[in-house]
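Chemist: Letter by letter, the sequence shown follows residues 1 to 411 of full-length UniProt numbering.
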Amino acid sequence: MTGSQQSGHQATAGGNQEYRARWQGALTNNYGTPALALVRGEGAQVWDADGKQYTDYVGGIAVNALGHAHPAIVEAVTTQITTLGHVSNLYASEPVVALGERLLQLFGRLGKVFFCNSGAEAVEGAFKIGRLTGRTHMVATTGGFHGRTMGALALTGQPAKQGPFLPLPGEVTHVPYGDVEALRAAVTEETALVIIEPIQGENGVVVPPAGYLTAAREITRATGTLLVLDEVQTGIGRCGQWFEHQAHEGVEPDIVTLAKGLGGGLPIGAVAAFGPVADLLQPGQHGTTFGGNPVACAAGLAVIDTIAAEGLLDRVKELGERLRSGIEASGHPLVDRVRGAGLLLGMVLTEPVAQKVQLAAQEAGFLVNAPAPDVVRLMPPYVLSEDEADAFVRALPGILDASREDGRSGE
Ligand code: PMP
């Protein structure tokens, strides 16, 4: 039987294996061929083409804040697409204006929002605003990830990802993440912008020392440099507040980039610029056909309204703590510690076996991700239930044992 939306929890003919063959025949292989094809999701649960069920701790890579098929998103998207699907930026529409207003309200500051379609595009927008200061030098952090388009890649502090594409738009200095003195030494009155993730997500959920963002704000203010906080991964409640920098008192960035969780699964990105910086971008200097698409913006409003109405920011904090303390209490020798905030957690391992943990977790019915050899990243939807969280904690020792045994037999 062939699967459909209704019967997606049953195996599809050919299953995962057939999808792998079709992928290889039709799609670029830059991610490698995925092992699984997912056919249906509901809340924090997903089903693959073999009919197997998983709890989804990947969440579309920190995208599915409300989980899969959340009624509020389904309704908002359905209503909008049947009313007005797309207009371009030649015309205003209610959802784009309302989402811009709503975001500024959540920031609690005066500014302007530019909508685009992804995190990398949001960073490109910030990059271009940086150039409009008349300065060209930029400072970013080692290990930082800001996207794969050429400007964003220039800021991404991962040489392996940049290598084949050099030269990239310059001049970018990368400084060690969390090192205030290195930042102070690199930033001058020639520096257009400093871009920092409040927590480095792709680099393995790396949390900077306390006071880092505050120091970055002081340093950039002293040199008239823009402070860009890349909240593509940490924003929209992922870490327990609307934007992670709001956990750092007094840190008011000039620009914030958003994407991922903002659309609850629809492609959308945003650049928010505050104060006088909001007016640097003049009409005609930047644009995109799909940015501010009414359907994506309607989904964004549904995400924000639901988080607010259901008190999900508190829930993110509670669930994050529940997972963190449960994992740490396991006392398993493979677990060094858990770092991160809210529902962006990195389980740091004592051995570089994160890939094996990912596979063993999959076997046990949990989708997790391995951004670094010794880090397993957890970024489940905010609607994860306590029971679902506890089930992962209970299964973890078995998953870790299996990963260790695999590792040893492979040596
Ligand atoms: N910035 C950060 C902090 C990210 O985590 C990511 C994606 N992982 C990006 C930018 C790029 O976003 P996208 O993949 O939507 O281009």
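Even for Gly, the Cβ is constructed at its ideal location relative to N, Cα and C.
Less than 7 Å between C-beta atoms, sequence neighbours within five positions excluded: which residues of the same chain meet that for Q241?
Modeler: Contacts found: A247 and L313.
Chemist: Looking at G147 and L226, is the spacing between their C-beta atoms short of 7 Å?
Modeler: No.
Chemist: Let me know the secondary structure DSSP gives E42 once reduced to three states.
Modeler: Residue state, collapsed to three classes: strand.
Chemist: Distance, Cα to Cα, G292 vs E94?
Modeler: Cα to Cα, G292 sits roughly 10 Å from E94.
Chemist: Where do the N-terminal and C-terminal ends of the beta strand (DSSP E) with Q10 fall, by residue?
Modeler: Here Q10 belongs to no beta strand (DSSP E), and DSSP marks it neither H nor E.
Chemist: Identify every residue that forms a DSSP beta bridge with A140.
Modeler: DSSP output for A140 lists H174 as bridge partner(s).
Chemist: Check whether the segment 285-302 touches the segment 261-277, taking contact to mean three or more Cβ pairs, one atom from each stretch, closer than 8 Å.
Modeler: Yes: the two stretches touch, three or more of their Cβ pairs being nearer than 8 Å.
Chemist: With DSSP collapsed to three states, give me the class of Y382.
Modeler: It is coil, neither helix nor strand.
Chemist: Give me the Cα-Cα distance between F165 and G311, rounded to the nearest whole angstrom.
Modeler: Cα to Cα, the separation comes out at about 44 Å.
Chemist: Please report how far the alpha carbon of H68 lies from the alpha carbon of E190, in whole angstroms.
Modeler: Approximately 46 Å, taken between the alpha carbons.
Chemist: Rounding to the nearest angstrom, what Cα-Cα distance links A13 and A210 in this structure?
Modeler: If I take the Cα positions, the gap works out to 53 Å.
Chemist: Mapping DSSP to helix, strand and coil, what is T78?
Modeler: Of the three classes helix, strand and coil, the one that applies to T78 here is helix, per DSSP.
Chemist: With distances taken between CB atoms, is the gap from G144 to G134 smaller than 7 Å?
Modeler: Taking 7 Å as the Cβ cut-off, G144 and G134 do not qualify as a contacting pair.
Chemist: Please state the DSSP three-state secondary structure of H245.
Modeler: Here H245 sits in helix by DSSP.
Chemist: Ignore the nearest five residues each way along the sequence and tell me which others in H174's own chain have a CB closer than 8 Å to its CB.
Modeler: V139, A140, T141, T142, G144 and G157.
Chemist: Using 8 Å for Cβ pairs, my map puts V63 next to A49. What's the rounded Cβ distance?
Modeler: Rounded, the Cβ-Cβ distance is 21 Å, inconsistent with contact.
Chemist: Could you work out which residue in Y212, Y382, T220 and I196 is closest to V187 when comparing CA atoms only?
Modeler: Comparing Cα positions, the closest option is T220.
Chemist: Suppose contacts are defined by Cβ-Cβ distances below 7 Å. Is A389 in contact with V375 by that definition?
Modeler: The answer is no: Cβ separation not under 7 Å.
Chemist: Using only the heavy atoms of the ligand PMP, determine whether one of them is closer than 6 Å to the beta carbon of G119.
Modeler: Yes, since a heavy atom of the ligand PMP falls inside the 6 Å radius drawn around the Cβ of G119.
Chemist: When DSSP labels each residue in this structure, what does P71 get in the three-state scheme?
Modeler: P71: helix per DSSP, three-state reduction.
Chemist: Can you tell me which residues form a DSSP beta bridge with V376?
Modeler: V376 pairs with M347.
Chemist: Should R217 be labelled buried (16 or more other beta-carbon atoms within 10 Å of its own) or exposed?
Modeler: By the 10 Å Cβ count, R217 comes out buried.
Chemist: What beta strand (DSSP E) runs, 3 residues minimum, are completely inside the segment 235-295?
Modeler: Segments of the beta strand (DSSP E) lying fully in the segment 235-295: 255-258 and 269-274.
Chemist: Contact check, V46 vs L345 under 8 Å by CB: the rounded distance?
Modeler: No, V46 and L345 are not in contact; Cβ-Cβ is about 19 Å, not under 8 Å.
Chemist: Please report the distance separating the alpha-carbon of D179 from that of G331.
Modeler: The alpha-carbon atoms of D179 and G331 are separated by roughly 31 Å.
Chemist: Could you tell me if the beta carbon of Q233 falls within a distance shorter than 6 Å of some heavy atom in the ligand PMP?
Modeler: Checking every heavy atom of the ligand PMP against the Cβ of Q233, one is found closer than 6 Å.
Chemist: Using a Cβ-Cβ cut-off of 6 Å (strictly less than) and excluding sequence neighbours within five positions of E42, which residues of its own chain qualify?
Modeler: Here the set comprises H68 and A69.
Chemist: Can you give me the Cβ contacts of A185 inside the same chain, cut-off strictly under 7 Å, excluding the 5 residues immediately before and after it?
Modeler: Hits under 7 Å: none found.
Chemist: Give me the Cα-Cα distance between A98 and L84, rounded to the nearest whole angstrom.
Modeler: When rounded, the distance between both Cα atoms is 15 Å.
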